[in-house]
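These protein sequence lines are chains A and B, in that order. Each residue of the first sequence is one higher than the one before, counting from 0 in numbering that gives the first Met the number 0. Each residue of the second sequence is one higher than the one before, counting from 0 in numbering that gives the first Met the number 0. Every residue gets a Cβ at the ideal spot worked out from N, C-alpha and C, and that includes glycine.
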Amino acid sequence: MDKIKLILTLITITITVVPIVGVLLTYQDNLVGLFVPPEINEIADKFSGGGDGGGSDGPQVEPVGPPEIDPVSGTIRQSIEFKNTFPIDITLKSMSGDVQCVEHGFDLGVASIEEPVSIPVGETRTVTLLINWTDGAEGHLKSLHATEENVEVTLVNVGVDISGIQIGLDQNAMDQRMEIPNPWYEG
Amino acid sequence: MNGLLAKINWFGFAGGVTTIIMIAVSMVYPWWQLTVGDNLLTANASPVNTTFGALGTSFAIPFIWALNVVSLLTLLASAVAMLIYSLVPGKSYSKHLLDFGYKKPLFIVLFFVIGLVATVLICQTVLSLSIPLMGSTTSTLSIPFVSGVSITVLLTAGFQWSFGVAVVGAALCIAARLYHKKVAAVPGV
Numbered sequence: 000m001d002k003i004k005l006i007l008t009l010i011t012i013t014i015t016v017v018p019i020v021g022v023l024l025t026y027q028d029n030l031v032g033l034f035v036p037p038e039i040n041e042i043a044d045k046f047s048g049g050g051d052g053g054g055s056d057g058p059q060v061e062p063v064g065p066p067e068i069d070p071v072s073g074t075i076r077q078s079i080e081f082k083n084t085f086p087i088d089i090t091l092k093s094m095s096g097d098v099q100c101v102e103h104g105f106d107l108g109v110a111s112i113e114e115p116v117s118i119p120v121g122e123t124r125t126v127t128l129l130i131n132w133t134d135g136a137e138g139h140l141k142s143l144h145a146t147e148e149n150v151e152v153t154l155v156n157v158g159v160d161i162s163g164i165q166i167g168l169d170q171n172a173m174d175q176r177m178e179i180p181n182p183w184y185e186g
Numbered sequence: 000m001n002g003l004l005a006k007i008n009w010f011g012f013a014g015g016v017t018t019i020i021m022i023a024v025s026m027v028y029p030w031w032q033l034t035v036g037d038n039l040l041t042a043n044a045s046p047v048n049t050t051f052g053a054l055g056t057s058f059a060i061p062f063i064w065a066l067n068v069v070s071l072l073t074l075l076a077s078a079v080a081m082l083i084y085s086l087v088p089g090k091s092y093s094k095h096l097l098d099f100g101y102k103k104p105l106f107i108v109l110f111f112v113i114g115l116v117a118t119v120l121i122c123q124t125v126l127s128l129s130i131p132l133m134g135s136t137t138s139t140l141s142i143p144f145v146s147g148v149s150i151t152v153l154l155t156a157g158f159q160w161s162f163g164v165a166v167v168g169a170a171l172c173i174a175a176r177l178y179h180k181k182v183a184a185v186p187g188v
């Protein structure tokens, strides 16, 4: 019976040692490769500029045409072309930010995208940005910008949800200025 | 015929069969799965097959693959030993087979859970990255040399049904050990 016990012990040792020694011998000239497979380097390459999207410089965002103003609600709609420069297909699930008057730093509105948009690698999709006025916006624009047809604004505290990754940009990290129409223009 | 069936250690037989099913299932379905964002990064872990996914690319880490092969062969040997033992529990060599086989599924389940908890704790300590063992959490990543930008990721993790199969298999093998005295005492065995 000791023979059975010995065989079972040998089996235990063999099935434990052989795979580990085998992989160590295979990677003896490249021990880093034991823990870092080539796929990880390929992924790193994609993000450092080798991908179809041209690297990880961040998405390219360009306003398209002038903003449209809804005469009833006063909501502003701005079309934006969003180019996916990431090396993977993405879904722009949400985007929000505070619209601030550049001259006075006053919060005029809240911007958000109309609906989520899926964008394949390297392609561009049009996204609609909606700007809803804050309660104090009318008073501010009437009293301090009544003679201006357009008001220069900037987006602050921007939050973007791309495929479940939430990117937050504070005031210092983003200086995206644009002009929006003033619904209370008295010109 | 009834006497023959009475000699079988059914817990051991069920444990051996369940262990074989567990091996097959674990090759395809991970015991534990972690998802970052909307499947941007995934980790599919089981003692017999651990793979990672990033940006649509699936890969395995060679050293972990070797450990997976060790676990697979260990479980296979355990299952075969349990099956042979369970059919002839009264033979002189059967106790050796039982001792060889019954603990291994339990140890593999325990090592897997301990390894998982240790990995999660190491990630929290070294990378300051909070990874849940079960459920969802958001974790904020710091970007060196960049100010004003924060990146928050949603991490979702959980044990899968295949882990339940493994726990059942381990429990049946332990039950076989506890049942052994009863079945070995059947007259004529």
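Exercise for review: Label LYS181 (chain B) either buried or exposed according to how many other C-beta atoms from any shown protein chain fall within 10 Å of its C-beta, with 16 as the threshold for buried.
Suggested key: For the purposes of this step, residue 181 (chain B) is taken as the residue at position 182 of the second sequence. The residue in question, LYS181 (chain B), is exposed, as its Cβ has fewer than 16 Cβ neighbours within 10 Å.
Review point. Within 10 angstroms of its Cβ, does SER25 (chain B) collect 16 or more other Cβ (buried), or is it exposed?
Key: Position 26 of the second sequence, counted from the start, is the residue given in the question as residue 25 (chain B). Counting Cβ neighbours within 10 Å, SER25 (chain B) comes out buried, since at least 16 surround it.
Review point. Is the CB-CB distance between PRO88 (chain B) and GLY157 (chain B) below 8 Å?
Key: Position 89 of the second sequence holds residue 88 (chain B). Position 158 of the second sequence holds residue 157 (chain B). Against a cut-off of 8 Å, the Cβ pair of GLY157 (chain B) and PRO88 (chain B) comes out as no contact.
Point to revise | C-beta neighbour in chain A for ALA175 (chain B), strict 8 Å | key: Working through the second sequence from its first residue, we reach residue 175 (chain B) at position 176. Taking Cβ atoms only, chain A never reaches closer than 8 Å to ALA175 (chain B), which makes this a no.
Point to revise | Near-chain A residues of the region 69-91 of chain B - C-beta to any C-beta below 8 Å | key: VAL69, LEU72, THR73, ALA76, ALA80 and SER91
**Study point:** Buried/exposed call for THR17 (chain B), threshold 16 Cβ in 10 Å
**Key:** On the second sequence, residue 17 (chain B) is found 18 positions in, with the first residue counted as 1. Label assigned to THR17 (chain B): buried.
Practice item. Sort A:ILE79, A:ALA145 and A:VAL116 by Cα distance to GLY163 (chain A) and report the nearest one. Key: As a working mapping, residue 163 (chain A) is identified with position 164 in the first sequence. Cα-wise, what sits closest to GLY163 (chain A) is A:VAL116.
Practice item. Would you mind stating whether ASN156 (chain A) and GLY96 (chain A) have Cβ atoms separated by less than 8 Å? Key: Locating residue 156 (chain A) in the first sequence gives position 157, where the first residue counts as 1. Locating residue 96 (chain A) in the first sequence gives position 97, where the first residue counts as 1. Yes, the Cβ-Cβ distance between ASN156 (chain A) and GLY96 (chain A) is below 8 Å.
Exercise for review: Quick one: grab the DSSP three-state call for MET74 (chain A).
Suggested key: Working through the first sequence from its first residue, we reach residue 74 (chain A) at position 75. One detail in the question is off: residue 74 (chain A) reads as Thr in this sequence, not Met. Correct three-state label for THR74 (chain A): coil.
**Study point:** Extent of the continuous beta strand (DSSP E) to which THR34 (chain B) belongs
**Key:** For the purposes of this step, residue 34 (chain B) is taken as the residue at position 35 of the second sequence. Run containing THR34 (chain B): 31-35, per the beta strand (DSSP E) assignment.
Point to revise | Alpha-carbon spacing of LEU96 (chain B) relative to PHE162 (chain B), whole angstroms | key: One-based indexing of the second sequence puts residue 96 (chain B) at position 97. One-based indexing of the second sequence puts residue 162 (chain B) at position 163. Answer to the nearest angstrom: the Cα atoms are 25 Å apart.
Point to revise | Segment contact flag, the region 141-152 of chain A with the region 108-127 of chain B, C-beta cutoff 8 Å, min 3 pairs | key: no
Point to revise | TYR26 (chain A) to ASP169 (chain A) span [Cα, whole Å] | key: Indexing the first sequence from 1 puts residue 26 (chain A) at position 27. Indexing the first sequence from 1 puts residue 169 (chain A) at position 170. Approximately 46 Å, taken between the alpha carbons.
**Study point:** Collapsed DSSP secondary structure at SER95 (chain A) in the structure displayed
**Key:** Counting from 1 along the first sequence, the entry for residue 95 (chain A) is found at position 96. SER95 (chain A) falls in the strand class under three-state DSSP.
**Study point:** Bounding residues of the beta strand (DSSP E) (the contiguous stretch that carries VAL68 (chain B))
**Key:** The residue labelled residue 68 (chain B) in the question sits at position 69 within the second sequence. VAL68 (chain B) -> not in any beta strand (DSSP E); alpha helix (DSSP H) instead, spanning 61-86.
Point to revise | Contact set between the region 139-171 of chain A and chain B, restricted to residues whose Cβ is under 7 Å from the partner | key: SER162, GLY163, ILE164, GLN165, ILE166, GLY167, LEU168, ASP169 and ASN171
Check your understanding: Roughly how many angstroms lie between the CA atoms of ILE39 (chain A) and SER138 (chain B), to the nearest whole one?
Key -> Here residue 39 (chain A) is taken as the residue at index 40 of the first sequence, counted from 1. Here residue 138 (chain B) is taken as the residue at index 139 of the second sequence, counted from 1. Their backbone Cα atoms lie some 22 Å apart in a straight line.
Practice item. Along the alpha helix (DSSP H) that carries GLN123 (chain B), what are the first and last residues, could you check? Key: As a working note, residue 123 (chain B) is residue 124 in the second sequence. Unbroken alpha helix (DSSP H) run through GLN123 (chain B): 103-125.
Review point. With a cut-off of 8 Å, does the C-beta of LYS82 (chain A) fall near any C-beta of chain B?
Key: Along the first sequence, one-based indexing puts residue 82 (chain A) at 83. Not one chain B Cβ lies under 8 Å of LYS82 (chain A).
Review point. Excluding the five sequence neighbours on either side, which residues of its own chain have a C-beta within less than 6 Å of the C-beta of TYR184 (chain A), listed in chain order?
Key: Residue mapping note: residue 184 (chain A) aligns to position 185 of the first sequence, counting from 1. Here the set comprises GLU148.
Check your understanding: What are the start and end residues of the alpha helix (DSSP H) that includes GLY11 (chain B)?
Key -> The count along the second sequence starts at 1 and reaches residue 11 (chain B) at position 12. Taken as a continuous stretch (DSSP letters only), the alpha helix (DSSP H) holding GLY11 (chain B) covers 9-27.
Review point. With burial defined as no fewer than 16 other Cβ atoms inside 10 Å of the residue's Cβ, what is the status of LEU140 (chain B): buried or exposed?
Key: As a working note, residue 140 (chain B) is residue 141 in the second sequence. So LEU140 (chain B) ends up on the exposed side.
Point to revise | Contact residues within the region 96-122 of chain A, judged by C-beta distance below 7 Å to chain B | key: none
Practice item. Rounded to whole angstroms, what's the CA-CA distance from GLY52 (chain A) to ASP160 (chain A)? Just pull it up for me. Key: Residue numbering aside, residue 52 (chain A) sits at position 53 when the first sequence is read from its first letter. Residue numbering aside, residue 160 (chain A) sits at position 161 when the first sequence is read from its first letter. With a pLDDT of 46 at GLY52 (chain A), under the threshold of 50, the predicted position of this residue should be treated as unreliable, though the coordinate-derived value follows. Roughly 19 Å between the two C-alpha positions.
Review point. Helix, strand or coil: how does DSSP classify GLY50 (chain A) here?
Key: Translated into the one-based positions of the first sequence, residue 50 (chain A) becomes position 51. Here the model assigns GLY50 (chain A) a pLDDT of 47, short of 50, so the residue's position is not dependable, and the following value carries that caveat. In the structure shown, GLY50 (chain A) sits in coil (DSSP, three-state: anything other than H, G, I, E or B).
Review point. In its own chain, which residues sit with a C-beta less than 8 Å from the C-beta of THR11 (chain A), not counting the 5 before and 5 after it?
Key: Here residue 11 (chain A) corresponds to residue number 12 of the first sequence, with the count starting at 1. Contacts found: none.
Exercise for review: Please classify LYS2 (chain A): is it buried, with 16 or more other beta-carbons within 10 angstroms of its beta-carbon, or exposed?
Suggested key: Within the first sequence, residue 2 (chain A) is the residue found at index 3, counting from 1. So LYS2 (chain A) ends up on the exposed side.
Exercise for review: Leaving out five residues on either side along the sequence, give the residues of the same chain with a beta carbon under 6 Å from the beta carbon of GLU61 (chain A).
Suggested key: Walking along the first sequence from the start, residue 61 (chain A) turns up at place 62. Closer than 6 Å at Cβ, skipping near neighbours: GLU80.
**Study point:** DSSP three-state assignment for ALA43 (chain A), whether helix, strand or coil
**Key:** Residue 43 (chain A) sits at position 44 when you count from the first residue of the first sequence. Three-state DSSP puts ALA43 (chain A) in a helix.
Check your understanding: Would VAL63 (chain A) pass as a contact of VAL98 (chain A) if the rule is Cβ separation under 8 Å?
Key -> Position 64 of the first sequence, counted from the start, is the residue given in the question as residue 63 (chain A). Position 99 of the first sequence, counted from the start, is the residue given in the question as residue 98 (chain A). Not closer than 8 Å, so no.
Exercise for review: For PRO135 (chain A), count neighbouring Cβ atoms within 10 angstroms of its own Cβ and tell me buried if that reaches 16, exposed if not.
Suggested key: As a first step, residue 135 (chain A) is located in the first sequence; it is residue number 136 there, counting from the start. Reading off the sequence, residue 135 (chain A) comes out as Gly, not Pro. Counting Cβ neighbours within 10 Å, GLY135 (chain A) comes out exposed, since fewer than 16 surround it.
Check your understanding: PRO86 (chain A) versus chain B: which residues are under 7 Å apart at the beta carbon?
Key -> Here residue 86 (chain A) corresponds to residue number 87 of the first sequence, with the count starting at 1. Per Cβ cutoff of 7 Å: LEU54.
Exercise for review: For THR118 (chain B), go through chain A and note every residue whose CB falls closer than 9 Å to its CB, in chain order.
Suggested key: Here residue 118 (chain B) refers to the residue found at position 119 when the second sequence is read from its first residue. Result: empty, since nearest Cβ-Cβ is about 13 Å, beyond 9 Å.
Review point. Any idea what DSSP makes of SER91 (chain B), helix, strand or coil?
Key: Position 92 of the second sequence, counted from the first residue, corresponds to residue 91 (chain B). Three-state DSSP puts SER91 (chain B) in coil, outside helix and strand.
Exercise for review: Counting only the same chain and skipping the five closest in sequence on each side, list residues whose C-beta sits under 8 Å from that of GLY36 (chain B).
Suggested key: For the purposes of this step, residue 36 (chain B) is identified with residue 37 of the second sequence, where counting begins at 1. For GLY36 (chain B), where only same-chain residues beyond five positions count, the Cβ hits under 8 Å are VAL152 and LEU153.
Review point. Shorter than 8 Å from the beta carbon of VAL152 (chain B) to some beta carbon of chain A?
Key: Counting from one through the second sequence, the residue named residue 152 (chain B) turns up at place 153. At least one chain A Cβ lies under 8 Å of VAL152 (chain B).
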